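Each remark here refers to the structure printed beneath this line.
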């Protein structure tokens, strides 16, 4: 049942099996707002903006029983806001974002966006399937990055379902046409955001294709667990369950080797502050201008499992990341340079946000020894990542 659609028509109360769903419709100054409530979980829909082509963009606020909130808009499937409590119970913003839609349409480093068809880099924007070479749109020097300049982060997603219950769920859909940004096959993609009562946010990615293609989807939120975006993330303590790293060349393309992290700045198997080693003399840190690398996660045969965590000692906020993916990219906001506006009129300075992007390794379509990212017709791409918030 599409509860949100019913809200537009008026006030509807549906009672089944002792559960009540309340919908309220209100329209003021061309601002549409709908609320779906069930078991203290709410989903609020509102108009967010309009593209240059006149396309309407909506935003959905998901709120759970404990008061955690996440805002997601249909443009790019972008998480525009995420509020969680600190150890004193104070709810604050913990993701980088803007305060208006227009800013998201301008150049920015993928704040909060869904990334596809291929997260991370593909060398020279080329790969070969069944003897045929495909040329992708390049947007990172000579390489393709995060699906190209008009990747999934700039597409308008449709809402397939928004519902309450024990969890607030938003299911988005996008159909990527054959050869969009150079990728073969008509790809039908679903991304389902689920806000649970334990303050975890699940992201379920699903896709099918009518032609052999490559797929590597991820979520690109920048976290600052302090809740204060004037502070860097250098004091955050990071844990990554990985014995190996995917080293890169000067263009941040994998060399094809996998390096042991032992006795390197990339060893986060025990909690370590980001700032402890980020400025040490190291070839890989020099190439990434800090941490901008993919780690080879352990226990890949175990499926969905703990991958990494970030802890801010001042606020007490702990973010744990669980996934079934083989890798995770830690990016420490090395290219944030004080030119992009914060929500309160300041700017996002160097290293004021970090990303933990679950994914396959960069350039996998060109690396025969890496886990495959090929999706065939008749197969179902399905992968899940969970971001769990707590305090300690």
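Numbering (the working numbering), first residue to last: 1 to 392.
All residues carry an ideal CB built from backbone N, CA and C; glycine is no exception.
Owing to the predicted nature of the structure, the values given are computational and were not obtained by experimental measurement.
Same chain, Cβ closer than 7 angstroms to residue i, five either side skipped, listed in chain order
{"i": "residue 255", "result": "247, 248, 249"}
{"i": "residue 119", "result": "146, 216, 217, 218, 357, 359"}
{"i": "residue 380", "result": "206, 208"}
{"i": "residue 48", "result": "57, 58, 59, 73, 101"}
{"i": "residue 257", "result": "247"}
{"i": "residue 339", "result": "347"}
{"i": "residue 418", "result": "There is simply no residue 418 to check, as the chain begins at 1 and stops at 392 in what is shown."}
{"i": "residue 225", "result": "94, 236, 310, 312, 315, 317, 319"}
{"i": "residue 127", "result": "134, 214, 365, 366"}
{"i": "residue 99", "result": "343"}
Strand pairing of residue i, partner residues [DSSP]
{"i": "residue 73", "result": "59"}
{"i": "residue 296", "result": "244, 327"}
{"i": "residue 305", "result": "323"}
{"i": "residue 311", "result": "237, 318"}
{"i": "residue 145", "result": "121"}
{"i": "residue 388", "result": "200, 320"}
{"i": "residue 273", "result": "237"}
{"i": "residue 50", "result": "56"}
{"i": "residue 433", "result": "Here the chain covers residues 1 to 392 and nothing more, so residue 433 does not appear."}
{"i": "residue 347", "result": "341"}
{"i": "residue 140", "result": "143"}
{"i": "residue 259", "result": "245"}
{"i": "residue 79", "result": "72"}
Beta-carbon contacts of residue i that lie in its chain and below 8 angstroms, excluding the five residues immediately before and after
{"i": "residue 298", "result": "241, 242, 243"}
{"i": "residue 51", "result": "57, 75, 105, 156"}
{"i": "residue 293", "result": "245, 246, 247, 248, 266, 284, 329, 330"}
{"i": "residue 280", "result": "265"}
{"i": "residue 364", "result": "214, 216, 370, 371, 372, 373"}
{"i": "residue 296", "result": "242, 243, 244, 245, 246, 258, 326, 327, 361"}
{"i": "residue 334", "result": "288, 289, 290, 291, 292, 350, 351"}
{"i": "residue 186", "result": "175, 176, 177, 178, 209, 210, 211"}
{"i": "residue 273", "result": "234, 235, 236, 237, 238"}
Pairwise C-alpha distance: residue j and residue i
{"i": "residue 107", "j": "residue 343", "result": "16 angstroms"}
{"i": "residue 144", "j": "residue 362", "result": "10 angstroms"}
{"i": "residue 222", "j": "residue 111", "result": "6 angstroms"}
{"i": "residue 275", "j": "residue 309", "result": "15 angstroms"}
{"i": "residue 42", "j": "residue 124", "result": "45 angstroms"}
{"i": "residue 337", "j": "residue 347", "result": "9 angstroms"}
{"i": "residue 214", "j": "residue 90", "result": "43 angstroms"}
{"i": "residue 282", "j": "residue 252", "result": "15 angstroms"}
{"i": "residue 79", "j": "residue 201", "result": "11 angstroms"}
{"i": "residue 260", "j": "residue 291", "result": "16 angstroms"}
{"i": "residue 21", "j": "residue 165", "result": "Model confidence at residue 21 stands at a pLDDT of 35, short of 50, so the residue's coordinates are unreliable; what they give is reported in the following sentence. Cα to Cα, the separation comes out at about 9 angstroms."}
{"i": "residue 396", "j": "residue 177", "result": "Not covered by the structure: residue 396. The range shown for the chain is 1 to 392."}
{"i": "residue 262", "j": "residue 130", "result": "38 angstroms"}
{"i": "residue 203", "j": "residue 383", "result": "8 angstroms"}
{"i": "residue 313", "j": "residue 278", "result": "18 angstroms"}
{"i": "residue 271", "j": "residue 237", "result": "6 angstroms"}
{"i": "residue 115", "j": "residue 181", "result": "13 angstroms"}
{"i": "residue 109", "j": "residue 97", "result": "11 angstroms"}
{"i": "residue 232", "j": "residue 332", "result": "9 angstroms"}
{"i": "residue 228", "j": "residue 197", "result": "25 angstroms"}
{"i": "residue 54", "j": "residue 345", "result": "27 angstroms"}
{"i": "residue 84", "j": "residue 103", "result": "24 angstroms"}
{"i": "residue 341", "j": "residue 141", "result": "25 angstroms"}
{"i": "residue 377", "j": "residue 183", "result": "14 angstroms"}
{"i": "residue 389", "j": "residue 353", "result": "16 angstroms"}
{"i": "residue 152", "j": "residue 158", "result": "12 angstroms"}
{"i": "residue 401", "j": "residue 162", "result": "A question about residue 401 goes unanswered here, because the residues of the chain that appear run from 1 up to 392."}
{"i": "residue 23", "j": "residue 386", "result": "Summary for residue 23: the model assigns pLDDT 37, below 50, so the residue's position carries little reliability, and this model does not support an answer."}
{"i": "residue 67", "j": "residue 368", "result": "46 angstroms"}
6 angstroms Cβ shell around residue i - same chain, five flanking residues per side excluded
{"i": "residue 30", "result": "Since pLDDT at residue 30 reaches only 40, below the 50 mark, its modelled position is unreliable, and no value is offered."}
{"i": "residue 398", "result": "Outside the shown range of the chain, which is 1 to 392, sits residue 398, and nothing can be said about it."}
{"i": "residue 82", "result": "70, 94, 95"}
{"i": "residue 40", "result": "65"}
{"i": "residue 474", "result": "Outside the shown range of the chain, which is 1 to 392, sits residue 474, and nothing can be said about it."}
{"i": "residue 395", "result": "The chain is shown only over 1 to 392; residue 395 falls outside these bounds and no answer can be derived."}
{"i": "residue 175", "result": "188"}
{"i": "residue 63", "result": "42, 69"}
{"i": "residue 160", "result": "171, 173"}
{"i": "residue 300", "result": "326"}
{"i": "residue 113", "result": "76, 78, 153, 220"}
Heavy atom of the ligand COA within 6 angstroms of residue i beta-carbon
{"i": "residue 228", "result": "With respect to small molecules bound, the structure shown includes none, and the ligand COA cannot be examined in it."}
message: Under 8 angstroms: do the stretch 193-209 and the stretch 130-138 share three or more Cβ pairs, one atom per stretch?
response: no
Alpha helix (DSSP H) segments (min. 4 residues) lying fully within the stretch 155-233: none
task: Flag this pair as touching only if the stretch 294-314 and the stretch 322-331 have three or more C-beta atom pairs under 8 angstroms; answer yes or no.
output: yes
message: At 3 residues or longer, what runs of the beta strand (DSSP E) sit wholly inside the stretch 82-135?
response: 91-93, 113-115, 126-129, 132-135
task: Can you check the stretch 355-384 for any beta strand (DSSP E) of at least 3 residues that lies completely inside it and give the ranges in chain order?
output: 355-359
message: Would you call the stretch 189-204 in contact with the stretch 159-179, where contact means no fewer than 3 C-beta pairs closer than 8 angstroms?
response: yes
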